[in-house]
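Visitor: Mind looking over this structure? Questions follow.
There are 10 protein chains.
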Amino acid sequence: MTPTGSLSELEKQKMYSEAPEIDTFDNPRPNRDYVNSIKVAEFTSVCPKTGLPDFGTISIDYVADQKCLELKSLKYYFLSYRNRGIFYEAVTNQILDDLVATCQPRFMEVTGEFSARGAISSTIVATYRKEGFEFKP
Amino acid sequence: MTPTGSLSELEKQKMYSEAPEIDTFDNPRPNRDYVNSIKVAEFTSVCPKTGLPDFGTISIDYVADQKCLELKSLKYYFLSYRNRGIFYEAVTNQILDDLVATCQPRFMEVTGEFSARGAISSTIVATYRKEGFEFKP
Amino acid sequence: MTPTGSLSELEKQKMYSEAPEIDTFDNPRPNRDYVNSIKVAEFTSVCPKTGLPDFGTISIDYVADQKCLELKSLKYYFLSYRNRGIFYEAVTNQILDDLVATCQPRFMEVTGEFSARGAISSTIVATYRKEGFEFKP
Amino acid sequence: MTPTGSLSELEKQKMYSEAPEIDTFDNPRPNRDYVNSIKVAEFTSVCPKTGLPDFGTISIDYVADQKCLELKSLKYYFLSYRNRGIFYEAVTNQILDDLVATCQPRFMEVTGEFSARGAISSTIVATYRKEGFEFKP
Amino acid sequence: MTPTGSLSELEKQKMYSEAPEIDTFDNPRPNRDYVNSIKVAEFTSVCPKTGLPDFGTISIDYVADQKCLELKSLKYYFLSYRNRGIFYEAVTNQILDDLVATCQPRFMEVTGEFSARGAISSTIVATYRKEGFEFKP
Amino acid sequence: MTPTGSLSELEKQKMYSEAPEIDTFDNPRPNRDYVNSIKVAEFTSVCPKTGLPDFGTISIDYVADQKCLELKSLKYYFLSYRNRGIFYEAVTNQILDDLVATCQPRFMEVTGEFSARGAISSTIVATYRKEGFEFKP
Amino acid sequence: MTPTGSLSELEKQKMYSEAPEIDTFDNPRPNRDYVNSIKVAEFTSVCPKTGLPDFGTISIDYVADQKCLELKSLKYYFLSYRNRGIFYEAVTNQILDDLVATCQPRFMEVTGEFSARGAISSTIVATYRKEGFEFKP
Amino acid sequence: MTPTGSLSELEKQKMYSEAPEIDTFDNPRPNRDYVNSIKVAEFTSVCPKTGLPDFGTISIDYVADQKCLELKSLKYYFLSYRNRGIFYEAVTNQILDDLVATCQPRFMEVTGEFSARGAISSTIVATYRKEGFEFKP
Amino acid sequence: MTPTGSLSELEKQKMYSEAPEIDTFDNPRPNRDYVNSIKVAEFTSVCPKTGLPDFGTISIDYVADQKCLELKSLKYYFLSYRNRGIFYEAVTNQILDDLVATCQPRFMEVTGEFSARGAISSTIVATYRKEGFEFKP
Amino acid sequence: MTPTGSLSELEKQKMYSEAPEIDTFDNPRPNRDYVNSIKVAEFTSVCPKTGLPDFGTISIDYVADQKCLELKSLKYYFLSYRNRGIFYEAVTNQILDDLVATCQPRFMEVTGEFSARGAISSTIVATYRKEGFEFKP
């Protein structure tokens with residue numbers, strides 16, 4: 001098993017600190033308001049104050065408009081936080097802003113659940129709603 | 001134990017790729033709005049991009065009008081996805097469209113929960129409501 | 001341990017196929033709207049199509065008016081389904097009709113959760129509301 | 001370890017059948033509507049029909065007005081049901097009436113969850129609301 | 001949905017009270033000692049004393065010799081207890097005797113876990129070992 | 001629902017403080033060593049020091065010799081502890097002694113799991129083994 | 001491992017009884033209403049009546065205005081209750097008052113779940129809402 | 001998102017019915033007996049009698065000798081069962097035979113846990129031990 | 001509710017830092033080897049290095065000889081660690097030494113499970129066995 | 001909240017790729033064989049083949065001889081794997097080798113449980129035993 005296809009040190013550094021573009025694909029039912037929920041179980045970033053790692057789960061619930069988020073490129077987007085220093089409140093809101101900009105949904109909610117530090121754990125929930133949009137399933 | 005009653009290779013190929021008709025039976029209480037929930041635990045289809053299998057659970061919650069879905073034929077309907085390539089968003093909406101066409105319910109919601117790929121899992125919830133219908137149990 | 005008090009074969013056949021009358025007792029607080037929930041964990045009946053047994057849990061939530069359901073006679077009522085052939089939708093609605101007729105409640109909801117057959121499980125929820133009744137706890 | 005401090009047989013009989021007075025203390029924030037939930041895990045009384053014991057959990061959720069319920073005296077209040085014969089519906093409503101009389105809350109809900117007898121379990125939920133009170137947290 | 005293929009009342013009575021023969025098939029690896037575990041989740045029989053139904057789970061762990069138990073015929077074997085009166089100790093040992101006679105295994109253990117009656121539940125574990133057999137995986 | 005069949009206050013007092021005789025029945029397989037496990041979920045007695053109630057679960061695992069324990073009379077045996085003052089260590093050993101005397105088993109283990117008091121919970125496991133008996137399933 | 005960096009007895013006494021100031025930092029998205037939830041798993045204080053310790057979990061859910069709560073200083077704030085005598089109702093409301101004063105949020109809810117004493121457990125939920133604020137995610 | 005890299009129908013048919021070769025790599029600690037456990041959560045094959053799909057989890061526990069199993073090629077090996085008809089006992093033993101042949105371990109145990117059919121579920125455990133090998137961690 | 005019976009600050013300081021004597025009582029069955037398990041759910045002490053609190057659960061399993069541990073005095077013994085600085089390894093072994101000295105058991109095992117710090121949690125298990133003692137239940 | 005005490009980019013790179021020395025402290029009971037278990041919940045490294053991150057839990061169970069592992073330095077040791085490329089089998093054995101070299105225990109077992117990739121998860125268990133050591137608690 002020769003490690004062909006390995007990443008160079010440089011490629012790895014880039015993958016773990018620079019956010020790539022996220023792909024989208026055409027919503028197969030643009031006329032229907034339906035909910036798309038994505039759960040990212042192994043999110044990790046770095047505390048900007050201590051340099052120690054943070055771990056958590058990011059959940060995204062959205063109602064697509066014309067575009068849906070493509071899952072593989074989304075995975076690489078989340079990998080880019082691995083070596084970046086960012087607080088819980090900032091990272092959750094940043095993800096919401098980035099994903100709204102990418103696919104311009106009718107509605108999106110991002111939830112960041114971060115694991116305990118000193119017996120204290122945190123969850124941040126940030127929401128975007130396109131002006132005038134009301135969910136009527 | 002002779003495997004009498006076995007399917008031919010051809011029958012199996014057909015069963016695993018072509019959707020059969022779904023049977024219905026008369027709603028025993030057409031004058032009452034009541035909820036009928038069906039959970040299909042072992043759904044599997046194929047990712048159209050990679051050819052690798054997807055696994056999940058499909059849930060259907062509906063308020064019947066004149067017709068109820070017959071469970072055995074429904075099982076064969078779901079088997080027909082086994083070797084078909086289809087994305088999460090498309091399969092969930094397709095099931096909703098097919099079942100609404102079959103039994104013309106007052107209300108139906110289809111939920112597709114798909115298992116994790118690369119620590120990312122997805123759930124799609126699509127809903128149909130007959131025009132003017134409001135649930136008043 | 002002599003099996004005195006045993007049922008004759010005839011009594012057993014009757015107990016397992018004919019619904020007995022359900023007793024009631026006076027509601028101790030008829031002036032208060034309060035919720036009474038009863039869970040019957042070991043319900044079993046027979047599939048009318050295959051003759052094979054079905055298993056499930058029946059839950060009853062009601063707001064009594066003048067009468068409450070007596071639990072022991074209710075147990076015998078549920079035993080009477082053991083050897084009867086009846087579909088999920090029919091049995092849940094039938095129980096609702098029988099219990100509403102027995103105690104004439106202000107509100108009643110019957111939930112039948114039936115265990116999986118071929119990885120497909122079903123839940124039926126049927127509801128009765130006395131005309132004009134609105135729950136204001 | 002001499003059993004000094006033991007109760008006489010008479011004191012025990014009294015403790016297990018006569019309801020003592022329940023203490024209260026001044027609500028530390030009478031100007032704020034906040035919810036106080038108390039769960040009593042080891043409630044037991046006696047079925048008046050069979051003389052056999054009943055077991056359950058009693059939950060109390062209330063919004064205090066001027067008085068809060070003191071937990072130690074509440075414990076003795078619940079002990080007094082140990083040898084009393086009383087039905088599920090009656091005991092849940094009686095507890096609500098007694099506690100409302102004791103502390104005159106703005107809102108109170110008492111839930112009695114009783115363990116299974118013959119695979120049938122019961123839950124009773126009774127609620128009191130001071131006239132005109134509406135919860136606005 | 002015509003109920004073709006339905007059982008007559010007579011066939012049903014027979015299916016629910018007379019044990020059919022259990023099929024076997026050739027052990028695909030008779031030279032290897034391996035463990036085969038079967039769990040039957042919806043076992044029900046009748047208490048011979050009260051005529052009331054008993055419910056439970058039967059587990060079978062065995063090391064096959066020349067024959068394995070065929071699951072579909074095993075299902076019908078268990079259905080035959082539905083209307084038979086038999087105690088917990090007797091039914092567990094009877095199943096062990098019947099299955100040992102059917103497939104003559106090197107080792108078999110039958111576990112009957114019966115659900116609670118009056119807050120008392122029972123589990124019976126009976127074991128057969130072919131003379132001289134010692135498990136050496 | 002007239003409470004006919006109710007116990008008099010005297011009968012209740014007796015039932016809740018004096019141990020009745022426990023019935024047995026003939027072991028249906030006296031030639032086989034098999035394990036019989038009984039779990040009593042709602043055991044309660046009284047702390048002899050404080051007069052306050054104790055709650056717990058009693059488990060009995062035994063290998064019968066000629067006699068098996070009859071479950072209904074066993075239930076009444078356990079009810080007789082309801083108003084008796086006895087410590088955890090004593091009650092577990094007393095149950096073992098009483099049940100060994102009743103059915104003279106080849107092996108018996110009694111486990112008393114008592115619920116927490118002041119965040120401290122206790123479990124006592126006491127075992128009897130007939131001289132020379134070794135379990136060889 | 002020399003315990004350099006240890007606290008003096010005096011510093012420890014102070015840390016465990018006097019509430020320090022809680023730090024805040026600028027809300028990274030003051031224009032968005034988003035929910036920030038903090039769970040403190042190992043809260044302990046002292047019962048003012050008995051001197052015995054109380055244990056619990058404190059949860060804080062808030063919508064920040066200009067300031068967010070800094071988690072490390074919050075941890076020291078909670079440590080200061082370790083040796084203080086305070087009742088459940090008082091401690092939950094006191095925490096709400098202190099945190100509202102610190103960060104002046106748009107909305108805050110504090111939940112104190114306290115572990116069982118004598119099988120009775122308590123939960124207190126107190127809420128603050130800035131005048132005129134309504135959550136519209 | 002053009003489906004470049006998609007499999008042709010032919011490649012998919014092959015992938016889902018013919019077992020590929022499994023790769024191995026050099027054991028990094030051949031002098032130490034250590035346990036390597038692999039759990040394959042989404043195994044599916046076809047019942048040779050009915051043509052209906054079977055689902056299960058395959059677990060492999062082994063002590064490597066000179067070679068370890070490479071996980072990616074192992075994944076493709078398991079995919080090849082998707083459209084093959086094979087019984088539970090045969091598939092578990094076949095996997096054991098194939099993997100032993102591939103990496104010649106000191107010890108290997110394969111466990112196949114198959115999901116319920118008609119409320120009956122099955123688990124098969126087959127074991128290989130190199131002659132003379134005894135595990136001494 | 002006047003806080004009569006409150007502890008003075010001095011008594012509280014003493015209770016939370018000095019180990020009191022532990023009471024014992026006569027083993028009710030000194031001739032039988034039986035297991036007595038005690039679980040202390042709310043243990044807390046102080047890290048000697050940081051001054052921050054540690055939390056955990058202490059379990060004690062022992063076979064008494066002539067003396068059993070009295071639970072109420074044991075509770076006060078554990079309270080005395082609340083403000084003491086001591087490492088995980090030391091505290092678990094110290095508890096074992098103290099309890100062995102108190103009741104001179106035939107066997108005792110003390111398990112300290114300490115909650116996570118920085119995602120790292122610890123469990124220490126220390127055991128005492130009287131010379132020559134072998135457990136033969 | 002100025003991020004004083006932040007790590008430079010260089011310090012962070014070093015912390016996340018170079019293993020620091022692990023501290024030890026004197027075993028407080030070197031004459032007693034007792035078990036010390038440490039669970040590291042948020043382990044992450046990099047797959048050397050794909051450059052993608054791996055996640056898992058590392059457990060260490062050991063019997064100390066003269067030295068115990070200090071937990072804080074152990075935490076930094078585990079952080080050093082964050083950006084290193086290493087396979088499951090290698091990392092588990094490497095940790096065992098490093099920790100044995102650090103504290104020369106009588107016994108040590110390292111368990112690496114790695115999360116699922118493509119529905120396949122892995123656990124590696126490697127063990128060291130000082131020559132002649134046998135655990136006799």
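Protein chains in written order, with the numbering used here: chain X, 1 to 137; chain C, 1 to 137; chain V, 1 to 137; chain L, 1 to 137; chain R, 1 to 137; chain A, 1 to 137; chain P, 1 to 137; chain U, 1 to 137; chain S, 1 to 137; chain W, 1 to 137.
Built from N, CA and C at the ideal position, the CB exists for glycine as well.
Computed from a predicted structure; not experimentally measured.
Would you decide whether residue 14/A is buried or exposed? Buried here means 16 or more other CB atoms lie within 10 Å of its CB.
Guide: The residue given as residue 14/A occupies position 14 in the sixth sequence. So residue 14/A counts as exposed.
Visitor: Closer than 8 Å, Cβ to Cβ, to anything on chain S: give me those residues from the region 91-109 of chain A, in chain order.
Guide: Here the close residues are 92, 93 and 109.
Visitor: Would DSSP call residue 180/L helix, strand or coil?
Guide: Residue 180/L lies beyond the residue range present for chain L, which begins at 1 and ends at 137; the question has no answer from this structure.
Visitor: Mind listing the chain U neighbours of residue 37/R? Cutoff is C-beta to C-beta under 8 Å, in chain order.
Guide: Counting from one through the fifth sequence, the residue named residue 37/R turns up at place 37. By Cβ distance, chain U contributes 122, 123, 124 and 125.
Visitor: Give the range of the beta strand (DSSP E) segment to which residue 116/L is assigned.
Guide: By one-based count along the fourth sequence, residue 116/L stands at place 116. It spans 107-117 - the beta strand (DSSP E) in which residue 116/L sits, taken as one unbroken run.
Visitor: Less than 8 Å between CB atoms is the rule here; does residue 85/P satisfy it with respect to chain L?
Guide: Here residue 85/P corresponds to residue number 85 of the seventh sequence, with the count starting at 1. No, no contact with chain L.
Visitor: Using the C-alpha atoms, what's the distance from residue 122/A back to residue 44/W?
Guide: Locating residue 44/W in the tenth sequence gives position 44, counting from the first residue. Locating residue 122/A in the sixth sequence gives position 122, counting from the first residue. Using only the alpha carbons, I get a separation of about 39 Å.
Visitor: Using a beta-carbon distance below 8 Å, is residue 3/A in contact with chain L?
Guide: Taking the sixth sequence and counting its residues from 1, the one referred to as residue 3/A is at position 3. Its pLDDT being 36, under 50, residue 3/A is placed unreliably by the model, and the measurement read from it follows with that caveat. Chain L, which has a Cβ nearer than 8 Å to the Cβ of residue 3/A, makes this yes.
Visitor: Since residue 96/C is in the alpha helix (DSSP H), which residue starts that stretch and which ends it?
Guide: Numbered from its first residue, the second sequence carries residue 96/C at position 96. 88-103 is the extent of the alpha helix (DSSP H) around residue 96/C.
Visitor: How big is the Cα-Cα spacing for residue 131/C and residue 64/X?
Guide: Counting from 1 along the second sequence, the entry for residue 131/C is found at position 131. Counting from 1 along the first sequence, the entry for residue 64/X is found at position 64. Rounded to the nearest angstrom, the two C-alpha atoms are 22 Å apart.
Visitor: May I have the straight-line CA-CA distance separating residue 60/W from residue 74/W, to the nearest angstrom?
Guide: Stepping through the tenth sequence from its first residue, residue 60/W is reached at position 60. Stepping through the tenth sequence from its first residue, residue 74/W is reached at position 74. Roughly 11 Å between the two C-alpha positions.
Visitor: Spatial neighbours of residue 1/A within its chain, please: CB distance less than 7 Å, with the 5 preceding and 5 following residues excluded, ordered by chain position.
Guide: Sequence index remark: in the sixth sequence, residue 1/A carries index 1 (1-based). Reliability of the predicted coordinates at residue 1/A is poor, the pLDDT of 28 falling under 50, and the value obtained from them is presented with this limitation in mind. So no residue of the chain qualifies.
Visitor: From this set, 100/X, 21/X and 9/X, which residue's C-alpha is nearest residue 17/W's C-alpha?
Guide: Numbered from 1 along the tenth sequence, position 17 holds the residue referred to as residue 17/W. Closest option to residue 17/W, Cα to Cα, is 9/X.
Visitor: Looking at the C-beta of residue 59/R, does it have a partner C-beta in chain V at a distance below 8 Å?
Guide: Numbered from 1 along the fifth sequence, position 59 holds the residue referred to as residue 59/R. So, not an interface residue.
Visitor: Say whether the region 21-35 of chain R touches the region 65-85 of chain R, bearing in mind that this needs 3 or more beta-carbon pairs closer than 8 Å, one atom from each stretch.
Guide: Short answer: they touch.
Visitor: Apart from the five residues just before and just after residue 127/X, which ones in its own chain have a Cβ nearer than 6 Å to its Cβ?
Guide: Taking the first sequence and counting its residues from 1, the one referred to as residue 127/X is at position 127. Around residue 127/X: 109.
Visitor: Looking at chain S, is there any beta carbon in it that lies within less than 8 Å of the beta carbon of residue 19/X?
Guide: Position 19 of the first sequence, counted from the start, is the residue given in the question as residue 19/X. No, residue 19/X lies away from the interface with chain S (no Cβ there is under 8 Å from its Cβ).
Visitor: Determine the contact status of residue 120/P and residue 120/X, defining contact as a CB-CB distance below 8 Å.
Guide: To locate residue 120/P, count along the seventh sequence from 1; it is residue 120. To locate residue 120/X, count along the first sequence from 1; it is residue 120. No, Cβ-Cβ distance for residue 120/P and residue 120/X is not below 8 Å.
Visitor: Name the chain S residues whose beta carbon is nearer than 9 Å to that of residue 56/A?
Guide: Within the sixth sequence, the letter at position 56 stands for residue 56/A. In chain order: nothing, as chain S lies at least about 13 Å away.
Visitor: Whose Cβ in chain S lies nearer than 8 Å to the Cβ of residue 40/W?
Guide: For this step, residue 40/W is matched to residue 40 along the tenth sequence. The answer, in chain order, is 119 and 120.
Visitor: Determine which residues share a DSSP beta bridge with residue 25/V and list them.
Guide: What you label residue 25/V is simply residue 25 of the third sequence in a count that begins at 1. Residue 25/V pairs with 68/V.
Visitor: For chain P, is any of its Cβ atoms less than 8 Å away from the one on residue 67/L?
Guide: Residue 67/L sits at position 67 when you count from the first residue of the fourth sequence. Residue 67/L does not count as touching chain P.
Visitor: To the nearest angstrom, how far is the alpha carbon of residue 4/A from that of residue 28/V?
Guide: On the sixth sequence, residue 4/A is found 4 positions in, with the first residue counted as 1. On the third sequence, residue 28/V is found 28 positions in, with the first residue counted as 1. The pLDDT assigned to residue 4/A is 38, lower than 50, so where the model puts this residue is not dependable; a value taken from the coordinates is nonetheless given after this. If you take the alpha carbons of residue 4/A and residue 28/V, they lie about 19 Å apart.
Visitor: Anyone know if the C-beta pair for residue 46/R and residue 34/A falls short of 8 Å?
Guide: Counted from its first residue, the fifth sequence places residue 46/R at position 46. Counted from its first residue, the sixth sequence places residue 34/A at position 34. It is not a contact, given that the beta carbons lie outside the stated cut-off.
Visitor: If you draw a straight line from the alpha carbon of residue 12/L to that of residue 76/S, how long is it in whole angstroms?
Guide: One-based indexing of the fourth sequence puts residue 12/L at position 12. One-based indexing of the ninth sequence puts residue 76/S at position 76. About 27 Å.
Visitor: Rounded to whole angstroms, how far is the Cβ of residue 56/W from the Cβ of residue 112/W, which I believe are closer than 8 Å?
Guide: Residue mapping note: residue 56/W aligns to position 56 of the tenth sequence, counting from 1. Residue mapping note: residue 112/W aligns to position 112 of the tenth sequence, counting from 1. Indeed they touch by this definition, with Cβ atoms about 6 Å apart.
Visitor: How about residue 16/A: is its C-beta nearer than 8 Å to some C-beta of chain R?
Guide: For the purposes of this step, residue 16/A is taken as the residue at position 16 of the sixth sequence. Chain R, which has no Cβ nearer than 8 Å to the Cβ of residue 16/A, makes this no.
Visitor: Check this for me: beta carbons of residue 82/W and residue 48/X, under 8 Å apart or not?
Guide: As a position in the tenth sequence, residue 82/W is number 82, starting the count at 1. As a position in the first sequence, residue 48/X is number 48, starting the count at 1. No, the pair does not count as a contact, with Cβ atoms beyond the cut-off.
Visitor: Roughly how far, in whole angstroms, is the beta-carbon of residue 58/S from the beta-carbon of residue 86/S, given that I think they are within contact range, below 8 Å?
Guide: Position 58 of the ninth sequence, counted from the first residue, corresponds to residue 58/S. Position 86 of the ninth sequence, counted from the first residue, corresponds to residue 86/S. Their Cβ separation, rounded to whole angstroms, is 13 Å, which puts residue 58/S and residue 86/S out of contact at 8 Å.
Visitor: In terms of residue numbering, what span does the beta strand (DSSP E) encompassing residue 39/S cover?
Guide: In the ninth sequence, counting from the first residue as 1, residue 39/S sits at position 39. Unbroken beta strand (DSSP E) run through residue 39/S: 35-46.
Visitor: In the structure shown, what three-state DSSP assignment does residue 121/P receive?
Guide: For this step, residue 121/P is matched to residue 121 along the seventh sequence. It is a strand residue.
Visitor: From the DSSP output, which residues share a beta bridge with residue 55/S?
Guide: The residue you call residue 55/S lines up with position 55 of the ninth sequence. Per DSSP, 44/S.
Visitor: Given that a residue counts as buried once 16 or more other Cβ atoms are within 10 Å of its Cβ, and exposed if not, what is residue 31/V?
Guide: Here residue 31/V corresponds to residue number 31 of the third sequence, with the count starting at 1. That one is exposed.
Visitor: Do the CB positions of residue 107/V and residue 62/V come within less than 8 Å of each other?
Guide: Sequence index remark: in the third sequence, residue 107/V carries index 107 (1-based). Sequence index remark: in the third sequence, residue 62/V carries index 62 (1-based). Yes, the Cβ-Cβ distance between residue 107/V and residue 62/V is below 8 Å.
Visitor: At what residues does the alpha helix (DSSP H) containing residue 11/X begin and finish?
Guide: Along the first sequence, read from residue 1 onward, the residue named residue 11/X stands at position 11. Element bounds for residue 11/X: 9-15.
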